[in-house]
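A.B. asks: Taken in order, these protein sequences are the chains called G and W. Quick note: the first sequence uses my numbering, first residue 1, plus one each step. Quick note: the second sequence uses my numbering, first residue 169, plus one each step. Heads up, the beta-carbon is just placed ideally off N, CA and C, and yes, glycines get one too. First the structure, then my questions, so here it is.
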Amino acid sequence: MIFATVGTQLPFDRLLLALDTWAALHLEVPVIAQTGQSSKTYTHLQTCAHLDQRAFADTFAAARVVVAHAGMGTILTALDLGKPLILMPRRADLGEHRNDHQQDTAAEMAQLSNVTVVQSSAALCVALDRALAAPRAVGDVPVAAEPKALIEAVRSFIWTGLTPEVRP
Amino acid sequence: MITMTAPFTARKAARRADNTPRPPCVLAVASGGGHWVQLMRLRPAFAGAEVHFATVDRSVAGAVAPAPVHVYPDANKDTPLRLVFAALKLALIVLRVRPDVVVSTGAAGGYLAIRFARLIGARTMFIDSIANARDLSVSARLAQKAADLVLSQWPAVARATGAAYRGAVL
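As structure tokens, this is what we get:
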């Protein structure tokens with residue numbers, strides 16, 4: 001099963017249309033999509049505007065590959081679960097977001113071994129085919145470690161108002 | 169760099185008749201999606217404190233139980249009317265919880281909570297999302313005028329904007 005999520009705030013029809021096209025050519029692969037604000041209908045996707053936290057976590061965990069906008073919630077969840085992730089960052093010039101910070105996020109996250117960044121519908125389809133052809137990862141995908149320095153800074157701020165300096 | 173605010177103990181003592189020591193009350197604020205996921209990654213930092221959460225999605229309550237969850241409308245600068253409702257709701261939440269410390273991982277709601285919490289003397293911290301890899305978010309820039317401490321999760325962004333760097337959720 002492929003799980004797609006484009007967040008809940010803004011529509012991202014470019015991604016969903018590309019995925020719907022791909023799904024039409026791969027009827028044997030179920031595709032579940034959290035479509036957020038999209039008003040379009042997608043014949044070959046099982047869509048849901050908004051999944052609650054538990055349904056989101058369950059669907060995410062069950063997915064073979066996750067396709068998403070470059071939202072940090074999705075990226076961090078994929079790292080925690082060691083899930084192959086295809087990111088298509090939203091573009092402000094197409095009205096897909098208020099600004100281009102998803103392009104910045106995607107550029108930084110592209111170095112993670114489980115992340116593939118695509119910019120076009122065609123590239124998304126290629127990346128999906130490739131991800132499904134790859135052997136199922138067993139334990140070789142990075143799982144994000146506990147962010148010790150930042151946790152210590154927050155804890156210290158709460159109890160003392162001081163935060164120790166951290167070397168980048 | 170060291171940030172210092174008035175110790176919360178004095179304020180707490182004034183508010184409570186008895187002087188028994190108690191853990192700080194923390195209001196942790198995050199909008200949905202990535203903001204919430206980043207807040208959850210920082211949860212170990214709240215150990216030992218009395219923590220309340222404020223967010224936009226009631227369905228997260230199970231994940232943080234038994235900590236209380238307060239809900240405010242999801243809003244941003246493109247939804248001004250909802251932003252007003254969010255501000256009113258967050259003002260109520262802050263008044264009800266009366267936190268000693270507010271910690272937010274964004275976005276607009278976190279900034280608003282910090283603005284209100286400052287009025288009752290809380291210590292406040294805004295952690296900009298790791299998604300903002302090249303520049304601070306609008307909320308973080310606004311928070312720089314209101315919060316005791318604003319963090320970027322990117323050293324270069326921190327250097328360029330006057331925010332502090334204290335690590336990242338990744």
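Residue 153(G) versus chain W: which residues are under 7 Å apart at the beta carbon?
C.D. replies: By Cβ distance, chain W contributes 334 and 335.
A.B. asks: Counting only beta-carbon separations shorter than 7 Å, does residue 166(G) have a partner in chain B?
C.D. replies: Annotation note: the requested chain B is absent from the structure, which comprises protein chains G and W.
A.B. asks: To the nearest angstrom, how far is the alpha carbon of residue 18(G) from that of residue 241(W)?
C.D. replies: Approximately 31 Å between the Cα atoms of the pair.
A.B. asks: Are the C-beta of residue 241(W) and some C-beta of chain G separated by less than 7 Å?
C.D. replies: No, residue 241(W) lies away from the interface with chain G (no Cβ there is under 7 Å from its Cβ).
A.B. asks: Please tell me whether, using a cut-off of 6 Å, the distance from the CB of residue 310(W) to the nearest non-hydrogen atom of the ligand FMN is below it.
C.D. replies: Within the structure as shown, the ligand FMN is missing, as the structure has no ligands at all.
A.B. asks: Do you know whose CA, among 110(G), 145(G), 109(G) and 163(G), lies nearest residue 153(G)'s CA?
C.D. replies: Looking at the Cα atoms, 163(G) is the closest of the given residues.
A.B. asks: Round the Cβ separation of residue 22(G) and residue 192(W) to the nearest angstrom and send it over; I've been treating them as touching at under 8 Å.
C.D. replies: Wrong, their Cβ atoms sit about 51 Å apart, outside the cutoff.
A.B. asks: Where do the N-terminal and C-terminal ends of the beta strand (DSSP E) with residue 294(W) fall, by residue?
C.D. replies: 291-295
A.B. asks: Which residue's Cα is closest to the Cα of residue 59(G): 81(G), 42(G) and 70(G)?
C.D. replies: 81(G)
A.B. asks: For a contact meaning CB atoms closer than 7 Å, what does residue 159(G) contact in chain W?
C.D. replies: 192
A.B. asks: Can you tell me which of the three DSSP states residue 285(W) falls into?
C.D. replies: helix
A.B. asks: For residue 153(G), which three-state DSSP category applies?
C.D. replies: helix
A.B. asks: Beta-carbon within less than 7 Å of residue 13(G)'s beta-carbon, same chain only, minus the 5 sequence neighbours each way: which residues are those?
C.D. replies: 38 and 40
A.B. asks: Could you list the residues in the segment 36-63 of chain G with a C-beta less than 8 Å from some C-beta on chain W, going in chain order?
C.D. replies: Residues 52, 53 and 54.
A.B. asks: Need the endpoints of the alpha helix (DSSP H) that residue 121(G) sits in, please.
C.D. replies: 121-133
A.B. asks: Could you tell me whether the Cβ of residue 170(G) comes closer than 7 Å to any Cβ of chain W?
C.D. replies: With chain G running from 1 to 168 in the structure shown, residue 170(G) is simply not present.
A.B. asks: Identify whether residue 272(W) lies in helix, strand or coil by the three-state DSSP scheme.
C.D. replies: strand
A.B. asks: Whole angstroms are fine: how far does the CA of residue 316(W) sit from the CA of residue 7(G)?
C.D. replies: 31 Å
A.B. asks: Let me see if you follow: with CB-CB separation under 7 Å, is residue 68(G) close to chain W or not?
C.D. replies: no
A.B. asks: Residue 104(G) CB to nearest chain W CB: under 7 Å?
C.D. replies: At least one beta carbon of chain W lies nearer than 7 Å to the beta carbon of residue 104(G).
A.B. asks: How long is the line joining the alpha carbons of residue 3(G) and residue 29(G), rounded to whole angstroms?
C.D. replies: 11 Å
A.B. asks: Whose CA, out of 92(G), 98(G), 111(G) and 86(G), lies closest to the CA of residue 118(G)?
C.D. replies: 86(G)
A.B. asks: Relative to the alpha-carbon of residue 307(W), which residue among 208(W), 283(W) and 333(W) has its alpha-carbon at the smallest distance?
C.D. replies: 283(W)
A.B. asks: Can you name the residues that DSSP bridges to residue 46(G)?
C.D. replies: 32(G)
A.B. asks: Do you know offhand how far residue 27(G)'s Cα is from residue 130(G)'s?
C.D. replies: 17 Å
A.B. asks: Report the rounded CA-to-CA distance for residue 114(G) versus residue 88(G), giving the unit in angstroms.
C.D. replies: 14 Å
A.B. asks: Which whole-angstrom value describes the C-beta separation of residue 202(W) and residue 73(G), a residue pair presumed to lie in contact below a C-beta threshold of 8 Å?
C.D. replies: 4 Å
A.B. asks: Consult DSSP for residue 3(G) and reduce its assignment to one of helix, strand or coil.
C.D. replies: strand
A.B. asks: Could you have a look at residue 171(G) and say whether DSSP puts it in helix, strand or coil?
C.D. replies: In the structure as shown, chain G starts at 1 and stops at 168, and residue 171(G) therefore has no counterpart that could be examined.
A.B. asks: From the DSSP output, read off the bridge partner residues of residue 221(W).
C.D. replies: 196(W) and 237(W)
A.B. asks: Relative to chain G, which residues along the segment 290-319 of chain W have a C-beta separation below 8 Å, given in chain order?
C.D. replies: 291, 293, 295, 297, 298, 299, 300, 301, 302, 303, 305, 316, 317 and 319: these are the residues of the segment 290-319 of chain W whose beta carbon lies less than 8 Å from some beta carbon of chain G, given in chain order.
A.B. asks: Could you give the residue range of the beta strand (DSSP E) that holds residue 320(W)?
C.D. replies: 317-320
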